[in-house]
Amino acid sequence: QKEVEQDPGPLSVPEGAIVSLNCTYSNSAFQYFMWYRQYSRKGPELLMYTYSSGNKEDGRFTAQVDKSSKYISLFIRDSQPSDSATYLCAMSSTGGTSYGKLTFGQGTILTVHP
Amino acid sequence: GAGVSQSPSNKVTEKGKDVELRCDPISGHTALYWYRQSLGQGLEFLIYFQGNSAPDKSGLPSDRFSAERTGGSVSTLTIQRTQQEDSAVYLCASSLNNGNVLTFGAGSRLTVL
């Protein structure tokens, strides 16, 4: 079993829909949770960053972390065709060289249709 | 520079050949990482450099893989005697100090025939 599980999709939604992306994990040492967006032939770019449990909102994006369930989510409101990309969850634990060493999910391919 | 720069963007090589992939991190970023992204897979950590400390090589898949970082800036990932399973996109990232907010380059796409 992988440390981080993410449904690869693909996920196809109409413009304006609410999108829900999720990851589960098994390592209770993970404290930092991130969502990266990756467009085709590009490197991943950081979208959301959360420490420990709770919610964080940034514009149309909301990240949720539930450490008790080892489950994280990214919600995209009013989705746009420009949101079409692969979304990768990533996590790391605290301390030493683990700090910057991220464990990624497989990535979910999202397509938003006009 | 403004971002993380990687070269070459594409590399096609024959099985058994050696390849070198280059990464130029963001100026002032002391931490540098190499990840590998295979088709349909998430990113896999390979190696991590932080300042003058010994690199964390725990993710390198075999002794055919090595990396160095000269002068605390540019890094080169070397794959010796390439195999078909080495085909992937090799991504470099950098960050301030040892923070876990990474800025990625566009990657080097390696195809081993």
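Chains A and B, in that order, are what the protein sequence lines are. Numbered by our numbering, the letters in the first sequence go through residues 1 to 114 in order. Numbered by our numbering, the letters in the second sequence go through residues 115 to 227 in order. Cβ coordinates follow ideal geometry from the N, Cα and C atoms, glycine included.
- Taken in chain order, the whole alpha helix (DSSP H) runs of length 4 or more contained in the region 11-43 of chain A number zero.
- When the five nearest sequence neighbours on each side are left out, the beta carbons in the same chain lying within less than 6 Å of the beta carbon of residue 22 (chain A) are those of 73, in order along the chain.
- For residue 199 (chain B), the three-state secondary structure derived from DSSP is helix.
- Counting the other Cβ atoms within 10 Å of the Cβ of residue 37 (chain A) gives 16 or more, which makes it buried.
- When Cβ-Cβ separations below 8 Å define contact, residue 32 (chain A) makes contact with chain B.
- Residues of the region 25-59 of chain A with a C-beta less than 9 Å from any C-beta of chain B: 32, 34, 36, 38, 41, 42, 43, 44, 45, 46 and 49, listed in chain order.
- According to the DSSP assignment, residue 165 (chain B) belongs to no beta strand (DSSP E), since it is labelled neither H nor E.
- Contact with chain A is absent for residue 116 (chain B), since none of that chain's Cβ atoms lies less than 8 Å from the residue's Cβ.
- Taking residue 157 (chain B) as the centre and dropping the five residues before and after it, the same chain places the C-beta of 149 and 151 closer than 6 Å to its C-beta, in chain order.
- Boundaries of the beta strand (DSSP E) around residue 126 (chain B): 124-127.
- The beta carbons of residue 205 (chain B) and residue 105 (chain A) sit no closer together than 8 Å.
- Taking each of B:182, B:132, B:222 and B:118 in turn and checking the Cα distance to residue 166 (chain B), the smallest one comes out for B:182.
- Spatial neighbours of residue 84 (chain A) in its own chain (CB-CB distance under 7 Å, excluding positions within 5 residues in sequence) are listed in chain order as 110, 111 and 112.
- Per DSSP, the continuous beta strand (DSSP E) segment holding residue 180 (chain B) begins and ends at 179-183.
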